[in-house]
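Chains A and B supply the protein sequences, listed in that same order. What the first sequence shows, in the UniProt record's numbering, is residues 1 to 298, in sequence order. What the second sequence shows, in the UniProt record's numbering, is residues 1 to 298, in sequence order. Let me begin by presenting the structure, written as structure tokens, before commenting on it.
Number of protein chains: 2
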Amino acid sequence: MSRPGLRSVTVIGCGLIGTSLALCLTRAGIAVLLADPDPGAVAPAVGRGAGVPLAPGAPPADLVVVATPPSAVVDVLYEAQARGLGRAYTDVAEVKGLIWEEAVLRGCDVRGYVPGHPMTAGGPSGPAAAEPGLFAGRPWILCPGPSVPPEAVAAVEELVTLCGAVAHTMPPGAHDEAVATVCHTPMLVALALAAQLADTAPDVLALAGGGLRDTVRTTASDTRLWSDVLTHNAPAVAAGMERVAADLALMASGLRDGGDICSVSVGGLLLRGHRGRAALLESAGSRNTGDARPRARV
Amino acid sequence: MSRPGLRSVTVIGCGLIGTSLALCLTRAGIAVLLADPDPGAVAPAVGRGAGVPLAPGAPPADLVVVATPPSAVVDVLYEAQARGLGRAYTDVAEVKGLIWEEAVLRGCDVRGYVPGHPMTAGGPSGPAAAEPGLFAGRPWILCPGPSVPPEAVAAVEELVTLCGAVAHTMPPGAHDEAVATVCHTPMLVALALAAQLADTAPDVLALAGGGLRDTVRTTASDTRLWSDVLTHNAPAVAAGMERVAADLALMASGLRDGGDICSVSVGGLLLRGHRGRAALLESAGSRNTGDARPRARV
């Protein structure tokens, strides 16, 4: 990274992620301009010290970060590029493949666009929960296309570094499969589990231990955002849920058939579950992340 | 509870639960005699100060606690009653209906037997992890039969109180449905989720957040014990898994069909999940139990 470094960044979208990264950048001495498809969302971020409002006629920023939910990214990116707001562009959406395809179809300048996804440890949602430590030590996936110039990638990598995150580069499809496995499917399985409790008597719920509460507490709270995310990663997430559903159905069938002895299907899934648990707990990230929230947010 | 109080208790089964409750009783000044179907298991509990070994010819204890896995309870109970080891009997198995039926069929004296289930907050498994605080503030379900004399129930209630737990009385079938909902099904769903990770690349696993690790970390580690528990509560657990599997399959189908807009099935499950989460977090127990483990153990 021999380039002179970021001096100005425009952040479009003043939600949890946008405000948090703007706070990081402001603290690092970068000039941060703030905008939002909902103009009323800018003032709270300005009030937090995250930057100043983007004014008409501002010179192009070194980098524009589109920090909107997935379904808004391409329109916002297209308009920002049409207005010449920046020299390079990135986004923070949890899904990458479909957004890239939409950006190509829409006619965005994808040579200046480095798709990104900060996988925050999570926590309370909403812009009021924004804080600059949100990205510390967490993965930040980058999915640069084949024709992106190195200086655009370097600008986004500097953003990642300034936020204290760790950049990982992978193709959009690999990203979407990975987050389906470690974020989206687990979240939906936890929600399906929580759904079973919706009509359970309070005195039965009161018997639950802390583990069930922890599992259920970490389910996504923003239904609209999650619907948006999931529909943008539908095939991979659907496949993940179908695999879990098939394993549960097989185990249920084994239990119904098994009588007094545990059937092969039940024992097999228990053992495979233990293998998966061991693999996860031994993976590199388990030494770095103690947070109780499973998913990144946009 | 106007009875004179427990003075002697025999604990058969020196695992996590048996040793922990023996430690509670010993600290309360009760004479505790220890036995185990595996004679080698007694010495470690004696070494922990949980009691002294049960010797042949000992006078009947006020209460005998059968603290074995579910499949051993009825044989151990039958033999203990045949030897006249106590004036009242209880157990600590996680399942109650089938054990009660087996006890009746086997010819146990079910008038002197008050089935019990301490729903510990969990934690590390195995007798080495035994500690007297295991039951503090936790529910302890009792399922006394219709012909049990009040003094037998009072003896078991005193055990519960001495362990710092809170007694709840319910029929065996209601117990088994309740634990299927709040313990067994959640555990198996978490295991099915973990099973999907068994063949996932380590660099993908390293992207997982702390929430997934917490969910997966709390899955049961003792495959043999869990097979035993599950097969004793098979219909209720199978039904719970089938419900989750059906919801997951419906959501997957909605995602596959839904295109850009979130289908009714996805949105509906998200909302039902949030209702279930709210119900659980508002239930009485959520204010008392902060532990990260969902299940009781025997």
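Glycine residues also receive a C-beta, built at the ideal position from the N, C-alpha and C atoms. The structure presented is a predicted model; accordingly, all values stated were derived computationally and were not measured.
Item: Under 9 Å Cβ-Cβ, which residues of chain B neighbour A/TRP140?; Value: What A/TRP140 touches in chain B: nothing, since even the nearest Cβ is about 10 Å away.
Item: Could I get the ranges of all uninterrupted alpha helix (DSSP H) runs contained in the region 167 to 200 of chain B, with 4 residues as the minimum, in chain order?; Value: 172 to 179 and 185 to 196
Item: Taking a cut of 7 Å between CB atoms, which residues from the region 162 to 181 of chain B lie near chain A?; Value: ALA178 and THR181
Item: Do you know offhand how far B/ALA80's Cα is from B/GLY145's?; Value: 19 Å
Item: State yes or no: is the beta carbon of A/VAL104 nearer than 8 Å to at least one beta carbon in chain B?; Value: no
Item: What does DSSP give as the partner residue(s) for B/THR10 in the beta ladder?; Value: B/LEU33 and B/VAL64
Item: Would you tell me roughly how many angstroms separate the C-alpha atoms of A/PRO56 and A/GLY97, rounded to the nearest one?; Value: 32 Å
Item: Please compile the residues from chain A whose C-beta is within a distance smaller than 7 Å of the C-beta of B/SER20.; Value: Per Cβ cutoff of 7 Å: no residues; B/SER20 is ~16 Å from chain A at best.
Item: Measuring only the C-alpha atoms, how far is A/VAL229 from A/VAL9?; Value: 25 Å
Item: By the 10 Å Cβ neighbour count, where 16 or more other Cβ atoms means buried, how is B/ARG213 classified, buried or exposed?; Value: buried
Item: Taking the alpha-carbon positions, what's the B/GLY49 to B/PRO127 distance?; Value: 13 Å
Item: Which residue wins for smallest C-alpha separation from A/ARG277, given the options B/ALA130, B/ALA234, B/LEU162 and B/ALA198?; Value: B/ALA198
Item: Given B/GLY18, which residues of its chain have a CB within under 6 Å of its CB, disregarding the five upstream and five downstream residues?; Value: VAL11 and ALA67
Item: Where does B/VAL76 fall in DSSP's three states?; Value: helix
Item: Going by DSSP, name the residue or residues bridged to B/ASP222.; Value: None, per the DSSP bridge assignment.
Item: I'd like the list of long-range same chain contacts for A/THR215, defined as Cβ closer than 6 Å, with 5 residues on each side in sequence excluded.; Value: ALA190
Item: Assuming A/THR200 and B/GLY273 are in contact, meaning their beta carbons sit under 8 Å apart, how far apart are those beta carbons, in whole angstroms?; Value: 13 Å between Cβ atoms; not a contact.
Item: Is there a Cβ from chain A that is less than 8 Å from the Cβ of B/ALA190?; Value: yes
Item: Kindly indicate which three-state DSSP category B/ARG295 falls into: helix, strand or coil?; Value: Residue placement at B/ARG295 is poorly supported in this model, since its pLDDT is 34, which falls under 50; the coordinates are not used for a value here.
Item: Output needed for B/LEU225: all residues of its chain with C-beta closer than 6 Å, excluding positions within five of it in sequence on either side, in chain order.; Value: PRO69
Item: Any Cβ of chain B within less than 8 Å of the Cβ of A/SER8?; Value: no
Item: By how many angstroms is the C-alpha of B/ARG83 removed from the C-alpha of B/ALA296?; Value: Its pLDDT being 36, under 50, B/ALA296 is placed unreliably in this model, and the coordinates cannot settle the point.
Item: Would B/THR289 count as contacting chain A if we go by Cβ distances under 8 Å?; Value: Legend: pLDDT at B/THR289 = 43, less than 50; position of this residue unreliable, no value from coordinates given.
Item: Residues of chain A with CB closer than 8 Å to the CB of B/ARG256, please, in chain order.; Value: ALA234, PRO235 and ALA238
Item: So, does the CB of A/GLN196 fall closer than 8 Å to a CB anywhere in chain B?; Value: yes
Item: Looking at the secondary structure, which residues open and close the alpha helix (DSSP H) in which B/LEU207 lies?; Value: Per DSSP, B/LEU207 belongs to no alpha helix (DSSP H) and is neither H nor E.
Item: Distance check for A/ILE99 and A/TYR113, CA to CA, integer angstroms please.; Value: 11 Å
Item: DSSP on B/THR120, reduced to helix/strand/coil?; Value: coil
Item: Kindly indicate if chain A contains any beta-carbon less than 8 Å away from that of B/CYS247.; Value: According to the sequence displayed, residue 247 of chain B carries Asp and not Cys. It does; some Cβ of chain A falls within 8 Å.
Item: Going by Cα to Cα distance, which pick from A/PRO118, A/GLU94, A/SER265 and A/LEU77 is closest to A/ARG87?; Value: A/LEU77
Item: Who are the near neighbours of B/PRO139 in its chain, counting only those whose CB is closer than 6 Å to its CB and skipping five residues on each side?; Value: MET119, VAL166 and HIS168
Item: Does at least one heavy atom of the ligand MG sit under 7 Å from the Cβ of A/SER20?; Value: Because no ligand of any kind appears in the structure shown, any question about the ligand MG cannot be addressed here.
Item: Please state the DSSP three-state secondary structure of B/GLY268.; Value: helix
Item: Give, in chain order, every residue of the region 53 to 85 of chain B whose Cβ lies closer than 8 Å to some Cβ of chain A.; Value: SER71
Item: What's the gap between the Cα of A/ALA28 and the Cα of A/GLY5?; Value: 11 Å
Item: What in chain A is Cβ-close to B/TRP226, meaning under 8 Å?; Value: LEU270
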